[in-house]
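Presented below is the structure to which this report refers.
There are 2 protein chains.
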Amino acid sequence: MNRAIRSAVQAMSAYIPGEQPEDGGYVKLNQNENPYPPSAKALAAMQAELCKVGVYPESSNRIVREAAAELYGVAPEQVMAVNGSDEMLRILCQSCAGEGDIIAVFTPGFTFYKTLAAVQGANVLSIEFGKDFRLPPLPDLSDVKLIFLPSPHAPSGIAFTPEEIVKLLESAPETALVVIDEAYADFGEWTAIPLLKDYPNLVIVRTLSKSYSMAGLRVGLGIASTEIMSQFDKVRDYYNLDRVAQVGAAAALRDQEYFNANIEKIKATRTRLIKGLKELGACPYESQTNFVLVRLTEYDAEKMYLKLKDRKVLVRYFSTPQIADCLRITVGTDKEIDTLLAEMAAILKEEK
Amino acid sequence: MNRAIRSAVQAMSAYIPGEQPEDGGYVKLNQNENPYPPSAKALAAMQAELCKVGVYPESSNRIVREAAAELYGVAPEQVMAVNGSDEMLRILCQSCAGEGDIIAVFTPGFTFYKTLAAVQGANVLSIEFGKDFRLPPLPDLSDVKLIFLPSPHAPSGIAFTPEEIVKLLESAPETALVVIDEAYADFGEWTAIPLLKDYPNLVIVRTLSKSYSMAGLRVGLGIASTEIMSQFDKVRDYYNLDRVAQVGAAAALRDQEYFNANIEKIKATRTRLIKGLKELGACPYESQTNFVLVRLTEYDAEKMYLKLKDRKVLVRYFSTPQIADCLRITVGTDKEIDTLLAEMAAILKEEK
Chain A
69 MNRAIRSAVQ AMSAYIPGEQ PEDGGYVKLN QNENPYPPSA KALAAMQAEL
119 CKVGVYPESS NRIVREAAAE LYGVAPEQVM AVNGSDEMLR ILCQSCAGEG
169 DIIAVFTPGF TFYKTLAAVQ GANVLSIEFG KDFRLPPLPD LSDVKLIFLP
219 SPHAPSGIAF TPEEIVKLLE SAPETALVVI DEAYADFGEW TAIPLLKDYP
269 NLVIVRTLSK SYSMAGLRVG LGIASTEIMS QFDKVRDYYN LDRVAQVGAA
319 AALRDQEYFN ANIEKIKATR TRLIKGLKEL GACPYESQTN FVLVRLTEYD
369 AEKMYLKLKD RKVLVRYFST PQIADCLRIT VGTDKEIDTL LAEMAAILKE
419 EK
Chain B
69 MNRAIRSAVQ AMSAYIPGEQ PEDGGYVKLN QNENPYPPSA KALAAMQAEL
119 CKVGVYPESS NRIVREAAAE LYGVAPEQVM AVNGSDEMLR ILCQSCAGEG
169 DIIAVFTPGF TFYKTLAAVQ GANVLSIEFG KDFRLPPLPD LSDVKLIFLP
219 SPHAPSGIAF TPEEIVKLLE SAPETALVVI DEAYADFGEW TAIPLLKDYP
269 NLVIVRTLSK SYSMAGLRVG LGIASTEIMS QFDKVRDYYN LDRVAQVGAA
319 AALRDQEYFN ANIEKIKATR TRLIKGLKEL GACPYESQTN FVLVRLTEYD
369 AEKMYLKLKD RKVLVRYFST PQIADCLRIT VGTDKEIDTL LAEMAAILKE
419 EK
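For the protein sequence lines, the chains are A and B, in the order given.
For what it's worth, the numbering used here labels the leading residue of the first sequence as 69, then goes sequentially.
For what it's worth, the numbering used here labels the leading residue of the second sequence as 69, then goes sequentially.
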């Protein structure tokens with residue numbers, strides 16, 4: 069092993085994202101992609117921008133920050149546009165957590181937070197959810213530098229209440245930032261953004277991957293106080309968003325008519341999916357996201373995942389103890405969900 | 069100041085990239101952009117990809133790594149594709165330099181290396197060039213973790229010899245990586261890539277910004293041993309390149325016919341620029357890049373920069389002591405260079 073590499077990096081494992089089969093033909097319900105295309109206005113803006121890729125992009129991503137600021141009712145200086153929300157999460161860890169510092173995460177949850185902590189040589193304080201995925205009793209947080217909570221929660225799909233988020237914010241010490249990862253908030257009923265006024269240690273992370281159908285474009289957002297953002301801005305790769313992503317993201321954020329129609333369609337299909345799963349005798353959690361976590365009470369979840377894969381339907385299975393009897397299913401189109409439900413029904417019938 | 073932010077980050081300043089005036093109409097010779105468009109094949113590939121941006125990109129950037137591996141005669145596992153070479157430089161610092169570690173840089177040089185060191189809380193060992201920009205006598209490097217050298221050198225444009233690079237590689241301790249930043253190597257006469265076979269501590273960094281006319285697309289490359297790359301891969305944001313950038317970069321790397329014609333045009337204009345600067349009585353350095361550093365012996369360089377800017381010609385001025393009497397001029401089109409030379413001549417004449 070090359071001795072130039074930090075021991076923290078040598079010791080860690082790489083993060084492994086969801087499956088991406090190379091051969092097509094799958095009904096792909098495993099990565100919470102949006103089944104509908106991005107805004108036509110965004111596509112047109114990106115197409116028009118292609119001929120300019122020889123020239124450096126504007127380095128502050130101004131047009132994206134302005135569009136987001138207008139939409140969310142904050143100042144452009146409170147917004148950072150990033151190369152996928154992963155970059156924002158990384159900047160947070162790099163800015164706040166040194167060797168031996170503590171980062172708090174909730175489990176089960178997005179395991180990438182732990183990967184980022186490992187790169188920094190930081191320690192992870194794991195706070196476990198009960199099976200109801202409500203905010204659990206909080207341990208002593210006084211030595212913690214960062215607290216990550218996805219809200220709505222992944223992989224359960226459960227939305228926390230404003231009271232739960234406020235409780236977390238008030239339990240955090242002044243020396244810690246509380247990061248609410250709102251990757252799925254557009255599919256839910258509220259956002260923590262208005263809390264920024266009262267809680268200067270709050271950082272909101274957003275992505276255009278899911279609700280704006282742009283997983284392949286890599287655009288995320290960070291929203292916090294101007295003071296905190298000016299610190300993070302030093303850590304950001306200073307040309308972090310290419311020209312195509314900048315114009316596409318700005319146009320998508322401004323096309324709220326298309327966005328809202330898209331969200332409504334997904335919510336309707338989510339209702340259909342939950343109903344169908346219940347009819348199969350499974351126990352879906354209520355969801356405020358574009359996926360549904362379903363507990364299989366009478367069938368092995370891993371086996372169901374594998375059998376669905378054989379039948380060209382890809383869903384997500386986690387071996388994490390609390391959810392090892394669950395599948396996470398992306399809300400696709402009505403047609404995709406009907407295929408999933410029919411294949412599940414066939415697999416259950418086979419067994420009888 | 070928020071106490072959650074690491075003191076190293078609070079203490080540092082942000083990197084400031086080159087000027088990007090919002091009003092157009094400038095002859096822009098300050099950021100070493102390529103005046104010719106990217107490969108038409110790359111543009112076509114990007115256009116065809118736009119409709120797929122709803123789906124996550126392939127996370128290892130396989131098509132880019134394969135195209136680069138074929139071109140440079142290395143294995144795809146030796147290549148990392150990154151969101152601009154800045155990301156590779158950041159990954160290098162994050163992977164190798166902890167708080168209090170030492171990073172060696174050569175000055176004058178790319179100041180971003182120092183910014184990245186500051187984020188890590190690492191110390192910088194500065195090795196000064198003489199006015200000839202040959203490799204200076206090397207200090208004791210035994211405690212150094214990373215050594216950054218651009219080759220060809222920026223901002224002088226001078227190419228180091230293979231012997232100079234080998235001397236640096238052999239002077240570095242086994243616990244250090246030597247990073248040769250070949251951002252401009254395509255405009256020069258040799259590359260250090262074949263040295264990878266003999267020097268396992270060598271890392272090459274490349275960019276498609278300059279020679280492939282893709283500054284606005286943000287694609288860079290790292291090339292090193294498979295062993296080192298497997299470590300860096302843990303630190304990379306795992307969906308770091310969007311779909312459009314992936315297909316554009318892969319297509320551009322495979323369109324060597326267009327690439328070579330483009331490079332030849334720029335080399336011819338570079339000769340024309342150097343000749344013109346000499347005729348004005350200035351002292352241009354020989355260049356193996358797409359820019360020329362010119363020493364103004366009889367006119368204040370900062371004043372010339374400002375007067376050129378008034379006349380809508382943008383070049384780069386650095387207040388760094390060794391080059392405070394110099395301007396760095398990008399090799400644009402023949403027409404742009406003729407405009408620059410005519411404006412310089414007019415400014416010099418005005419003064420007499």
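Virtual Cβ for every residue (Gly too), placed ideally from N, Cα, C.
All figures in this text were calculated on a predicted structure; none of them were measured in a lab.
Along chain A, in chain order, which residues have C-beta atoms closer than 9 Å to that of residue i?
i: residue 296 of chain B; result: 70, 72, 73
i: residue 187 of chain B; result: 162, 163, 302, 303
i: residue 323 of chain B; result: Neighbours of residue 323 of chain B on chain A: none; closest Cβ ~14 Å, over 9 Å.
Taking the alpha-carbon positions, what's the residue i to residue j distance?
i: residue 101 of chain A; j: residue 328 of chain A; result: 16 Å
i: residue 363 of chain B; j: residue 391 of chain B; result: 8 Å
i: residue 268 of chain B; j: residue 73 of chain A; result: 13 Å
i: residue 397 of chain B; j: residue 172 of chain B; result: 27 Å
i: residue 366 of chain B; j: residue 279 of chain B; result: 33 Å
i: residue 246 of chain B; j: residue 262 of chain B; result: 14 Å
i: residue 40 of chain B; j: residue 166 of chain B; result: Since the first residue of chain B shown is 69 and the last is 420, residue 40 of chain B is not available in this structure.
i: residue 122 of chain B; j: residue 282 of chain A; result: 4 Å
i: residue 126 of chain A; j: residue 318 of chain A; result: 13 Å
i: residue 288 of chain A; j: residue 411 of chain A; result: 35 Å
i: residue 186 of chain B; j: residue 242 of chain B; result: 23 Å
i: residue 368 of chain A; j: residue 347 of chain A; result: 18 Å
i: residue 310 of chain B; j: residue 297 of chain A; result: 24 Å
i: residue 355 of chain B; j: residue 285 of chain B; result: 26 Å
i: residue 156 of chain B; j: residue 417 of chain B; result: 45 Å
i: residue 52 of chain A; j: residue 116 of chain B; result: Only positions 69 to 420 of chain A appear in the structure, and residue 52 of chain A is not among them; the question remains open.
i: residue 216 of chain A; j: residue 154 of chain A; result: 13 Å
i: residue 118 of chain B; j: residue 111 of chain A; result: 7 Å
i: residue 413 of chain A; j: residue 381 of chain A; result: 13 Å
i: residue 70 of chain B; j: residue 292 of chain A; result: 12 Å
Excluding sequence positions up to five away, which residues of its chain have a Cβ less than 8 Å from the Cβ of residue i?
i: residue 88 of chain B; result: 99
i: residue 196 of chain B; result: 174, 175, 204, 390
i: residue 258 of chain A; result: 227, 230
List, in order along the chain, the chain B residues whose C-beta lies closer than 8 Å to that of residue i?
i: residue 282 of chain A; result: 121, 122
i: residue 102 of chain A; result: 122
i: residue 213 of chain A; result: 72
Within a Cβ cutoff of 6 Å, which residues of the same chain sit near residue i, ignoring the five residues on either side of it in sequence?
i: residue 322 of chain A; result: 135
i: residue 407 of chain A; result: 95
i: residue 370 of chain B; result: 385
i: residue 210 of chain A; result: 241
For residue i, count neighbouring C-beta atoms within 10 Å of its own C-beta (all shown protein chains included) and say buried if the count is 16 or more, exposed if not.
i: residue 194 of chain A; result: exposed
i: residue 254 of chain B; result: buried
i: residue 188 of chain B; result: buried
i: residue 208 of chain B; result: exposed
i: residue 168 of chain B; result: exposed
i: residue 250 of chain A; result: buried
i: residue 214 of chain B; result: buried
i: residue 351 of chain B; result: exposed
i: residue 260 of chain B; result: buried
Whose C-beta lies closer than 7 Å to the C-beta of residue i among residues of the same chain, with five residues either side of it excluded?
i: residue 114 of chain A; result: 312, 315, 316
i: residue 299 of chain A; result: 163
i: residue 294 of chain A; result: 143, 145, 146
i: residue 223 of chain B; result: 176, 361, 386, 391, 396
i: residue 423 of chain B; result: Because chain B in this structure spans residues 69 to 420, residue 423 of chain B falls outside the shown range and cannot be described.
Who are the neighbours of residue i on chain B, taking C-beta pairs under 7 Å?
i: residue 286 of chain A; result: 307, 310
i: residue 206 of chain A; result: Ordered by position in chain B, no residue passes the 7 Å Cβ test against residue 206 of chain A, which lies about 17 Å from the chain.
i: residue 106 of chain A; result: 121, 122
Kindly list, in the order they appear in chain A, the residues whose Cβ is closer than 7 Å to that of residue i.
i: residue 164 of chain B; result: 72, 73, 74
i: residue 421 of chain B; result: Here chain B comprises residues numbered 69 to 420, so residue 421 of chain B is not present and cannot be evaluated.
i: residue 313 of chain B; result: 310
Using a cut-off of 8 Å between C-beta atoms, extract the partners of residue i located in chain A.
i: residue 158 of chain B; result: 305
i: residue 23 of chain B; result: With chain B covering 69 to 420 only, the question about residue 23 of chain B has no answer from this structure.
i: residue 269 of chain B; result: 70, 72
Residues of chain B with CB closer than 9 Å to the CB of residue i, please, in chain order.
i: residue 243 of chain A; result: 70, 71, 72
i: residue 27 of chain A; result: In this structure chain A extends from 69 to 420, so residue 27 of chain A is not present and cannot be described.
My parser needs the alpha helix (DSSP H) runs of 4 or more residues fully inside the segment 320 to 375 of chain A; what are they? Within the segment 320 to 375 of chain A, the complete alpha helix (DSSP H) runs of at least 4 residues are 324 to 347.
At what residue ranges does the segment 174 to 252 of chain B contain a whole run of the beta strand (DSSP E), taking only runs of 3 or more? Contiguous beta strand (DSSP E) elements confined to the segment 174 to 252 of chain B occur at 191 to 196, 212 to 218, 245 to 249, taking only those with 3 or more residues.
Extract the residue ranges of the beta strand (DSSP E) inside the segment 249 to 301 of chain B, only unbroken runs of 3 or more that lie entirely within it. Taking 3 residues as the shortest admissible run, the segment 249 to 301 of chain B contains the following complete beta strand (DSSP E) segments, listed from N- to C-terminal end: 270 to 275, 288 to 291.
Taking only runs that begin and end inside the segment 385 to 420 of chain B, name each unbroken alpha helix (DSSP H) of 4 or more residues, in chain order. Runs of the alpha helix (DSSP H) inside the segment 385 to 420 of chain B: 402 to 419.
Secondary structure, alpha helix (DSSP H): runs of 4+ residues fully inside the segment 85 to 120 of chain A: Along the length of the segment 85 to 120 of chain A, whole alpha helix (DSSP H) runs at least 4 residues long occupy 108 to 117, reported in chain order.
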